[in-house]
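Peer 1: Got a structure here, written out as structure tokens. Questions coming.
Residue numbers (the numbering used here), protein chains in the order written: chain P, 1 to 678; chain W, 1001 to 1145.
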């Protein structure tokens, strides 16, 4: 394997993807003239079995010791061809790829220019290949445990799957209860099963599972380390309620001086709670939480003679001296399942949300139709409190039911004016469901109208359900309303029926805005912790849109649920199960390969200035004392388990003594020459 | 430099693996067409780009150099793009001192989802270098690697 490089160059046609633009023959002929190239071939699909066999055969028959594959992006098939080399008995790091598809044939339509560029790129790969070195692939042990961030349906499902397989799960949830958005829903489309009925058993399961450590009202503060060995720091925010003592009886909440005066987040502000509260009756864990932003005792230091909740608690669970607790642990893998925010309807001022009492978001309406919601499941006209101050003004429920309800679709979705070009995928169907529920709960004479752009009923049973709802008398009008205004007691929706090109003014009692799903407003926190990328819609970016939909660019970090992009419950569950199984691969095998393209120090020339030590973001470099010709000198040394192979040290070294394997100066400079020369 | 309409500049680009290289790949997947003057060297992180590489490229005959990495705060290696940015700023002053036009050496942030932005960057760089013409400030010193 040592001695003179013998390079094989393989140029892929990729059907017509490459060969349609790049003259593959010409590139092959050119490659044959390059130094140390023993053989150059082309083939229709290099990644296919026969394509890979070309390489292994040539390694065996011609004694190749370097391989250049000119095909798609190395981000696509580098792992494939590394395996080919390995099966041919060659060190996998003797491979260099030339990207002549994504960055050549697909982006240049001029065949001459594209072929010229392909030749240059192949030459750059060949000259680098001449200098490639064999690298050892090291393995590290994987901690058999998983951190899951977010305990909505995706996080819950992933946690249960992993825990059932026998691995430890740390499930961290920001809010006081698990359940996420699904817990807020009344029925689920298109089957109309009750959301709580299918979710609450799972919520209880995650709380009781012996392999799951549930941390609610907690936030991940720090994540260090790498796949197999992440170091996690979680802050368990103080509830000012002793979790072991609280029985969940609710005596405290009934006594709270602020009871019924603080908008309950879980009810989307339609219902009210006190400063000590349980978000909803089926919350898990069924333990009360004191909201320190609002609690009189915690904000003002005084709550009458003494805090009434504390007096009421027979278990003695309330303790205002409790503080946040920070826990640290190690995990092998991480699943991000942080979900979504609903679109803030105030960004569409023309719909008057926040101005007119009876313009609701769909999630508010969802709480209203929910039997355990603030109105006990009755659809009623709202009279929202005069909103001078948050705490002021009791909610007075008008007993009257609306005579007509109008839904407006695509609020915050498919709308460039608010920066959301994407379809939120759930609004068409949840609207159909809510429309059905209006007919069901208010009665058939309640007029239900839906203003839509297109109805997208793509899933299993969706079209059938949409049909059924129309047969129930829900009127669909194609048109995107321009404005809502108040006329007497009524709201007027101004729109154009685009199917008949008729402008119309539609009077209604209540308007429901079918708001879309948006990335979490605090997405940034997780991005900073895990270095995730975002796609252009600002949801988290998966490693590959087709083939690696649950992986991320960071090894050992996986995505589940809507944090990756809008999806309905079955899709979120499916992705959660996918993420769980992906996370279990390294945990089950117990070993994982670590970065081989790490930095290495030439201890003969290193002068021990320590510049690289300061620079390394992973504290992977330290100064050690060695004996150089009888003299003790300090030199830099790389801890390969910690080095992630960024090469920042190599760029900074004053003497060129620290180099990144596979990206050494002597490997990159010939590439620069090959590309720079005309 | 006189403007020359036939002049097709030769530009060497250093792209980080995680953002800009992926963004350039996305431009390909989306079949976004852009000038073929830019040839890419993949590094794992823009922080790997030694200013020496830029000088070397210009010496070897490149008319321009582009360094592209993740947006500030998005670096896969936490700080590499900040290092790259600092080095770039120092180097730009030095190149200016040497008489190299600032259009020749550029830095950009292109994320993995910004295929369209990659095209814009390329067009900007190519047009910028076209304005200043071929690179002939440095005496060619062909190295034999």
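Note that CB positions come from ideal geometry on N, CA and C, so glycine has one too.
Please read these numbers as outputs of a predicted model, since none were measured by experiment.
Should the region 48-56 of chain P be regarded as contacting the region 8-21 of chain P, the criterion being three or more beta carbon pairs within less than 8 Å?
Peer 2: yes
Peer 1: In whole angstroms, give me the CA-to-CA distance for residue 82(P) and residue 1123(W).
Peer 2: 34 Å
Peer 1: Please report how far the alpha carbon of residue 450(P) lies from the alpha carbon of residue 1079(W), in whole angstroms.
Peer 2: Taking the straight line joining both Cα atoms gives about 50 Å.
Peer 1: Could you tell me which of 608(P), 665(P), 658(P), 570(P) sits nearest to residue 198(P), measuring between CA atoms?
Peer 2: 570(P)
Peer 1: From what residue to what residue does the alpha helix (DSSP H) around residue 1083(W) run?
Peer 2: 1080-1098
Peer 1: Counting contacts by CB-CB distance shorter than 9 Å, is residue 523(P) in contact with chain W?
Peer 2: For residue 523(P), the answer is no, since every Cβ of chain W falls outside 9 Å of its Cβ.
Peer 1: How far does the beta strand (DSSP E) with residue 485(P) in it reach, from first residue to last?
Peer 2: 483-487
Peer 1: Here's the rule I'm using: 16 or more other beta-carbon atoms within 10 Å means buried, otherwise exposed. How should residue 32(P) be labelled?
Peer 2: Counting Cβ neighbours within 10 Å, residue 32(P) comes out exposed, since fewer than 16 surround it.
Peer 1: Quick one: is residue 388(P) buried, meaning 16 or more other Cβ sit within 10 Å of its Cβ, or exposed?
Peer 2: The predicted model places residue 388(P) with a pLDDT of 41, which falls under 50 and marks its position as unreliable; any figure quoted below should be read in that light. Note on residue 388(P): under 16 other CB atoms within 10 angstroms of its CB, so exposed under the neighbour-count rule.
Peer 1: Could you tell me how far apart the beta carbons of residue 728(P) and residue 420(P) are, in whole angstroms, since I believe they sit closer than 8 Å?
Peer 2: Only positions 1 to 678 of chain P appear in the structure, and residue 728(P) is not among them; the question remains open.
Peer 1: Given a cut-off of 9 Å on the beta-carbon distance, is the pair residue 150(P) and residue 561(P) in contact?
Peer 2: yes
Peer 1: When the cut-off is 9 Å and only beta carbons count, does residue 618(P) lie next to chain W?
Peer 2: yes
Peer 1: On the CB-based measure, 16 or more other CB atoms within 10 Å of its CB, does residue 1097(W) come out buried or exposed?
Peer 2: exposed
Peer 1: By DSSP, does residue 597(P) sit in helix, in strand, or in coil?
Peer 2: coil
Peer 1: Where does the unbroken beta strand (DSSP E) through residue 563(P) begin, and where does it stop?
Peer 2: First-last for residue 563(P): undefined, no H or E at that position.
Peer 1: Give a yes or no on whether the C-beta atoms belonging to residue 469(P) and residue 432(P) are separated by under 9 Å.
Peer 2: yes
Peer 1: Going by DSSP in three states, residue 1108(W) sits in which element: helix, strand or coil?
Peer 2: The three-state reading of DSSP puts residue 1108(W) in strand, counting E and B together.
Peer 1: Give the DSSP-derived three-state secondary structure of residue 66(P) in the structure shown.
Peer 2: strand
Peer 1: Taking the alpha helix (DSSP H) that residue 403(P) belongs to, which residues open and close that run?
Peer 2: Element bounds for residue 403(P): n/a, residue is neither H nor E.
Peer 1: As a quick exercise: from 343(P), 176(P), 630(P), 639(P), pick the residue whose alpha carbon is nearest that of residue 619(P).
Peer 2: With distances taken between Cα atoms, residue 619(P) lies closest to 639(P).
Peer 1: If we count the other Cβ atoms within 10 Å of its Cβ and call it buried at 16 or more, is residue 390(P) buried or exposed?
Peer 2: In this prediction, residue 390(P) has a pLDDT of 44, which is less than 50 and means its spatial position is unreliable; nothing more can be read from the coordinates.
Peer 1: Count the other CB atoms, across all protein chains shown, that sit within 10 Å of the CB of residue 502(P); report buried if there are 16 or more and exposed otherwise.
Peer 2: exposed
Peer 1: Is the beta carbon of residue 1107(W) sitting closer than 9 Å to the one on residue 1069(W)?
Peer 2: yes
Peer 1: Please confirm whether residue 1064(W) and residue 1009(W) have their CB atoms less than 9 Å apart.
Peer 2: yes
Peer 1: If residue 226(P) sits next to residue 556(P), beta carbons under 8 Å apart, how far is it from one beta carbon to the other, in whole angstroms?
Peer 2: 7 Å
Peer 1: Leaving out five residues on either side along the sequence, give the residues of the same chain with a beta carbon under 6 Å from the beta carbon of residue 539(P).
Peer 2: 519, 564, 565
Peer 1: Between the C-alpha atoms of residue 239(P) and residue 541(P), what's the straight-line distance to the nearest angstrom?
Peer 2: 34 Å
Peer 1: Output the boundary residues of the alpha helix (DSSP H) element that contains residue 221(P).
Peer 2: Taken as a continuous stretch (DSSP letters only), residue 221(P) belongs to no alpha helix (DSSP H), being part of the beta strand (DSSP E) at 218-226.
Peer 1: Quick one: residues in its chain with C-beta nearer than 6 Å to the C-beta of residue 1(P), no 5 flanking neighbours on either side, listed in chain order?
Peer 2: At residue 1(P) the pLDDT is 46, less than 50, meaning the model places this residue with poor confidence; the figure from the coordinates comes in the next sentence. 65.
Peer 1: Helix, strand or coil, according to DSSP, for residue 497(P) in the structure here?
Peer 2: strand
Peer 1: Taking CB distances under 9 Å as the criterion, tell me whether residue 19(P) reaches chain W.
Peer 2: no
Peer 1: Could you round the C-beta distance between residue 343(P) and residue 488(P) to whole angstroms and report it? I think they count as a contact, below 8 Å.
Peer 2: Distance from residue 343(P) to residue 488(P) at the Cβ level is roughly 29 Å; contact not present, criterion being Cβ atoms closer than 8 Å.
Peer 1: Quick one: measure Cβ to Cβ for residue 646(P) and residue 1077(W), integer angstroms, because I've assumed they're closer than 8 Å.
Peer 2: 4 Å
Peer 1: From the DSSP secondary-structure annotation, give me the bridge partner or partners of residue 235(P).
Peer 2: 219(P), 326(P)
Peer 1: Report the three-state DSSP secondary structure of residue 1130(W) (helix, strand or coil).
Peer 2: helix
Peer 1: Select from the region 1006-1022 of chain W all residues with a C-beta closer than 8 Å to any C-beta belonging to chain P, and list them in chain order.
Peer 2: 1010, 1012, 1017, 1018, 1019, 1021, 1022
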